[in-house]
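A.B. asks: So the sequence lines, in the order shown, correspond to chains G and H.
In this text, residue positions in the first sequence follow the UniProt record's numbering: the first is 1, and each later residue adds one.
In this text, residue positions in the second sequence follow the UniProt record's numbering: the first is 1, and each later residue adds one.
2 protein chains.
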Amino acid sequence: MADINFSSPTLSPELRAAEPSAAAGEPLRWDIIELLFFAYRDFVGDADHELEAFGFGRAHHRVMHFVTRYPGLKVADLLDVLRITKQSLGRVLKQLLDEDYIVQKTGNNDRRQRLLFATPKGEALVAKLAGLQTARIDRALEQVGPAGAEKVRQFLRAMIDRDDPDKVLEAIFRTPAAAAKE
Amino acid sequence: MADINFSSPTLSPELRAAEPSAAAGEPLRWDIIELLFFAYRDFVGDADHELEAFGFGRAHHRVMHFVTRYPGLKVADLLDVLRITKQSLGRVLKQLLDEDYIVQKTGNNDRRQRLLFATPKGEALVAKLAGLQTARIDRALEQVGPAGAEKVRQFLRAMIDRDDPDKVLEAIFRTPAAAAKE
DNA sequence: AATTTATGTCAGCCATATTGACGTTTCTGC
DNA sequence: GCAGAAACGTCAATATGGCTGACATAAATT
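(1) Is there a Cβ of chain G sitting closer than 8 Å to that of Leu-15 of chain H, yes or no?
(2) My guess is that Tyr-40 of chain H and Leu-36 of chain G are in contact by the Cβ rule of under 8 Å, so how many angstroms apart are they, rounded?
(3) Of the residues H:Glu-50, H:Ala-18, H:Phe-38, which one's Cα is nearest the Cα of Gly-131 of chain H?
(4) For Arg-114 of chain H, report the span of its beta strand (DSSP E) as first-last.
(5) Does Val-103 of chain G come out as helix, strand or coil in the three-state DSSP assignment?
(6) Leaving out the 5 sequence neighbours to the left and right, which residues in its chain are closer than 7 Å to Asp-166 of chain H when beta-carbon positions are compared?
(7) So, is the C-beta of Pro-20 of chain H closer than 8 Å to a C-beta in chain G?
(8) When you compare each of H:Leu-89, H:Arg-29, H:Phe-43 to Ala-140 of chain H by their alpha carbons, which one comes out closest?
(9) Is Lys-86 of chain H close to chain G? Criterion is C-beta to C-beta, closer than 8 Å.
(10) Any idea what DSSP makes of Ser-96 of chain H, helix, strand or coil?
(11) Here's the rule: buried if 16 or more other CB atoms are within 10 angstroms of the residue's CB, otherwise exposed. What is residue 205 of chain G?
(12) Strictly under 8 Å for the Cβ-Cβ distance: is Gln-95 of chain H near chain G by that measure?
(13) Considering Cα atoms alone, identify which of G:Gln-87, G:Val-103, G:Leu-125, G:Val-126 is closest to Leu-116 of chain G.
(14) In the segment 158–170 of chain H, which residues sit with their C-beta less than 8 Å from some C-beta in chain G, listed in chain order?
(15) Within 10 angstroms of its Cβ, does Ala-91 of chain H collect 16 or more other Cβ (buried), or is it exposed?
(16) So, are the CB atoms of Gly-122 of chain H and Tyr-101 of chain H less than 8 Å apart?
(17) So the candidates are G:Glu-14, G:Arg-29, G:Glu-19; which of them puts its Cα closest to the Cα of Ile-137 of chain H?
(18) Excluding the five sequence neighbours on either side, which residues of its own chain have a C-beta within less than 6 Å of the C-beta of Ala-59 of chain H, listed in chain order?
(19) Give me whichever residues DSSP pairs with Leu-73 of chain H in a beta bridge.
(20) If you run the structure through DSSP and keep just helix, strand and coil, what is Pro-20 of chain G?
(21) Could you list which residues in chain G have their beta carbon closer than 7 Å to that of Ala-53 of chain H, in chain order?
(22) Name the chain H residues whose beta carbon is nearer than 8 Å to that of Tyr-70 of chain G?
(23) Assign Lys-105 of chain G to buried or exposed, taking buried as 16 or more other Cβ atoms, counted over all protein chains shown, within 10 Å of its Cβ.
(24) Could you give the first and the last residue of the continuous alpha helix (DSSP H) run that contains Asp-46 of chain G?
(25) Once DSSP output is grouped into helix, strand and coil, what is the label at Leu-79 of chain H?
(26) Between Phe-56 of chain H and chain G, is the shortest Cβ-Cβ distance under 8 Å, so that the two count as touching?
(27) Any Cβ of chain H within less than 8 Å of the Cβ of Val-75 of chain G?
(28) Going by C-alpha distance, which of G:Leu-129, G:Gln-113, G:Phe-54, G:Phe-38 is nearest Val-75 of chain G?
(29) By the 9 Å beta-carbon criterion, what residues does the segment 28–41 of chain H contribute toward chain G?
(30) Could you give the distance in angstroms between the alpha-carbon of Leu-97 of chain G and the alpha-carbon of Arg-111 of chain G?
(31) Drop a sphere of 10 angstroms on the beta-carbon of Pro-146 of chain G, count the other beta-carbons inside from all chains shown, and report buried for 16 or more, exposed for fewer.
(32) In chain G, which residues lie with their C-beta within 9 Å of the C-beta of Ala-130 of chain H?
(33) Thr-175 of chain G to Arg-16 of chain H, Cα distance in whole Å?
(34) Give a yes or no on whether 8 Å exceeds the smallest Cβ distance from Ile-137 of chain H to chain G.
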């Protein structure tokens, strides 16, 4: 491996963030970008750890979460939410069905549909994982107070694409809190 | 595939969020949990789209980002930040070196170290991706005002694990804004 | 009756992560 | 100066979770 050596090494003993040299343009939100990265990394880390014990991964969690929260979700809806293909969903969903975390029910309006429901076993897992994440969120919201919490919600809502929302997003944005500052 | 049919189908025409039946315990932060999921999904989606044109994935972006922002980052530091193994980093890093997005420089205090630096080409890519994400963040921050923006930063900071922070996190939490409400 | 929709499935591929083992260079402690 | 540890690179094998393409079936729609 070729070693590229520059004129003067200029070793920084203290690591410091540097605006990349193209700092001439509009200011970039480096702080928020990185905070989001770390916050999300640790946020999902809570669940990841616990999931190992069940032999599941993040994919299983996402499926379980949305099925539990939105009972009767169709397969197609789930695909929209997760933004994956049905083949990808297939493997994960099959495991969750086999291991009795989720059950399917034929739609009665449209018998082609397979509506998805969490079993008590599935709900328990989702609640456990949500508990871990809630602890972290509560701790963080305490720092900003109730008014701050509402600002955080507004911010997160505004970060989400609203064009062509999936069924779940529609439900989320139809919620009372959404009407607040729309 | 066995079809499990229940007593009464009870089809919901409008999808509605349901507290899983174990709602007896402490309240769970379903709203924030889901907002974080969707916000992050769309946030990283901005970059993902652009990366395809370069034949890169998210892994490349993460590496490029931190190397650009923290010039002289050691390989070991990067592993801490990204929470991956050196083998995983290896392939991605090799590509970025080969394609001249990143250069290595032997540490002069410790010649075992390979300090990482972005090339102008690399910086340009990172700035472009950060620009996309900044547009989204700016749009969202407008909704909450300057005071709200500070609340959002406080919230995100508080979401991050502080025990055993890596070098980059230390730098982030050493920043002036961090001192504000510590 | 023909077509479209919702779903499932088979086969293969790719990206990104893992563990374990091993080698080299260089620093550190004795 | 030497032993050992540290920082890195790399080989091999494996797992997960994505992907595309093709095809099948049942049920709804036209």
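Ideal Cβ positions, reconstructed from N, Cα and C, are used throughout, including at glycine.
C.D. replies: So, from the listed chains and residues:
(1) In the second sequence, residue 15 of chain H corresponds to position 15, counting from 1. Closer than 8 Å: yes.
(2) Residue mapping note: residue 40 of chain H aligns to position 40 of the second sequence, counting from 1. Residue mapping note: residue 36 of chain G aligns to position 36 of the first sequence, counting from 1. The pair is a contact, with the Cβ atoms about 7 Å apart (cut-off 8 Å).
(3) One-based indexing of the second sequence puts residue 131 of chain H at position 131. Among H:Glu-50, H:Ala-18, H:Phe-38, the Cα nearest to that of Gly-131 of chain H is on H:Glu-50.
(4) As a working mapping, residue 114 of chain H is identified with position 114 in the second sequence. Arg-114 of chain H -> beta strand (DSSP E) spans 114–118.
(5) Here residue 103 of chain G is taken as the residue at index 103 of the first sequence, counted from 1. Val-103 of chain G: strand per DSSP, three-state reduction.
(6) Stepping through the second sequence from its first residue, residue 166 of chain H is reached at position 166. The residues Asp-77, Asp-80, Val-81, in chain order, have a CB closer than 7 Å to that of Asp-166 of chain H in the same chain once the five nearest residues on each side in sequence are set aside.
(7) Taking the second sequence and counting its residues from 1, the one referred to as residue 20 of chain H is at position 20. Using a CB distance cut-off of 8 Å, Pro-20 of chain H counts as an interface residue toward chain G.
(8) Residue numbering aside, residue 140 of chain H sits at position 140 when the second sequence is read from its first letter. That would be H:Phe-43, whose Cα lies nearest to the Cα of Ala-140 of chain H.
(9) If you number the second sequence from 1, residue 86 of chain H lands on position 86. Residue contact with chain G for Lys-86 of chain H: absent (no Cβ-Cβ distance below 8 Å to any residue of chain G).
(10) To locate residue 96 of chain H, count along the second sequence from 1; it is residue 96. Reading off the sequence shown, one finds Leu at residue 96 of chain H, where the question assumed Ser. Here Leu-96 of chain H sits in helix by DSSP.
(11) No answer is possible for residue 205 of chain G: it lies beyond the span of chain G, which begins at 1 and ends at 182.
(12) As a first step, residue 95 of chain H is located in the second sequence; it is residue number 95 there, counting from the start. No, Gln-95 of chain H lies away from the interface with chain G (no Cβ there is under 8 Å from its Cβ).
(13) Looking up residue 116 of chain G in the first sequence gives position 116. Among G:Gln-87, G:Val-103, G:Leu-125, G:Val-126, the Cα nearest to that of Leu-116 of chain G belongs to G:Val-103.
(14) For the segment 158–170 of chain H, which is checked against every Cβ of chain G, the residues closer than 8 Å are Ala-158, Met-159, Ile-160, Asp-161, Lys-167, Val-168, Leu-169, Glu-170.
(15) Counted from its first residue, the second sequence places residue 91 of chain H at position 91. Inspection of the sequence shows that residue 91 of chain H is occupied by Arg rather than by Ala. It is exposed - the Cβ of Arg-91 of chain H has fewer than 16 other Cβ atoms within 10 Å.
(16) To locate residue 122 of chain H, count along the second sequence from 1; it is residue 122. To locate residue 101 of chain H, count along the second sequence from 1; it is residue 101. Between Gly-122 of chain H and Tyr-101 of chain H, the CB-CB gap stays under 8 Å.
(17) Residue 137 of chain H sits at position 137 when you count from the first residue of the second sequence. Of the candidates G:Glu-14, G:Arg-29, G:Glu-19, the one whose C-alpha sits nearest the C-alpha of Ile-137 of chain H is G:Arg-29.
(18) Here residue 59 of chain H refers to the residue found at position 59 when the second sequence is read from its first residue. For Ala-59 of chain H, where only same-chain residues beyond five positions count, the Cβ hits under 6 Å are Val-92.
(19) Here residue 73 of chain H is taken as the residue at index 73 of the second sequence, counted from 1. Residue pairing by DSSP places Leu-73 of chain H opposite H:Leu-116 in a beta bridge.
(20) By 1-based counting over the first sequence, the position of residue 20 of chain G is 20. In the structure shown, Pro-20 of chain G sits in coil (DSSP, three-state: anything other than H, G, I, E or B).
(21) Within the second sequence, residue 53 of chain H is the residue found at index 53, counting from 1. From the beta-carbon of Ala-53 of chain H, no residue of chain G is found nearer than 7 Å; the closest lies around 19 Å away.
(22) Taking the first sequence and counting its residues from 1, one reaches residue 70 of chain G at position 70. Within 8 Å Cβ-Cβ: Leu-15, Arg-16, Ala-17, Ala-18.
(23) Here the question's residue 105 of chain G lines up with position 105 in the first sequence. Residue burial annotation: Lys-105 of chain G is buried, with at least 16 other C-beta atoms found within 10 angstroms of its C-beta.
(24) Reading the first sequence from its first residue, position 46 is the one you call residue 46 of chain G. 30–52 is the span of the alpha helix (DSSP H), which, as asked, contains Asp-46 of chain G.
(25) Within the second sequence, the letter at position 79 stands for residue 79 of chain H. Residue state for Leu-79 of chain H is assigned as helix, using DSSP reduced to three classes.
(26) Taking the first residue of the second sequence as position 1, residue 56 of chain H is located at position 56. Taking Cβ atoms only, chain G never reaches closer than 8 Å to Phe-56 of chain H, which makes this a no.
(27) What you label residue 75 of chain G is simply residue 75 of the first sequence in a count that begins at 1. No, Val-75 of chain G does not count as interfacial toward chain H.
(28) On the first sequence, residue 75 of chain G is found 75 positions in, with the first residue counted as 1. Here the closest residue by C-alpha is G:Gln-113.
(29) So the list reads Leu-28, Arg-29, Trp-30, Asp-31, Ile-32, Ile-33, Glu-34, Leu-35, Leu-36, Phe-37, Phe-38, Ala-39, Tyr-40, Arg-41, given in the order they occur along the chain.
(30) Position 97 of the first sequence, counted from the first residue, corresponds to residue 97 of chain G. Position 111 of the first sequence, counted from the first residue, corresponds to residue 111 of chain G. Rounded to whole angstroms, Leu-97 of chain G to Arg-111 of chain G spans 19 Å at the Cα level.
(31) To locate residue 146 of chain G, count along the first sequence from 1; it is residue 146. Exposed, because fewer than 16 other Cβ atoms sit within 10 Å of the Cβ of Pro-146 of chain G.
(32) Translated into the one-based positions of the second sequence, residue 130 of chain H becomes position 130. Simply Pro-20, Leu-28, Arg-29, Trp-30, Ile-33.
(33) Working through the first sequence from its first residue, we reach residue 175 of chain G at position 175. Working through the second sequence from its first residue, we reach residue 16 of chain H at position 16. Going from the Cα of Thr-175 of chain G to the Cα of Arg-16 of chain H covers about 9 Å.
(34) For the purposes of this step, residue 137 of chain H is identified with residue 137 of the second sequence, where counting begins at 1. Yes, because at least one Cβ of chain G sits closer than 8 Å to the Cβ of Ile-137 of chain H.
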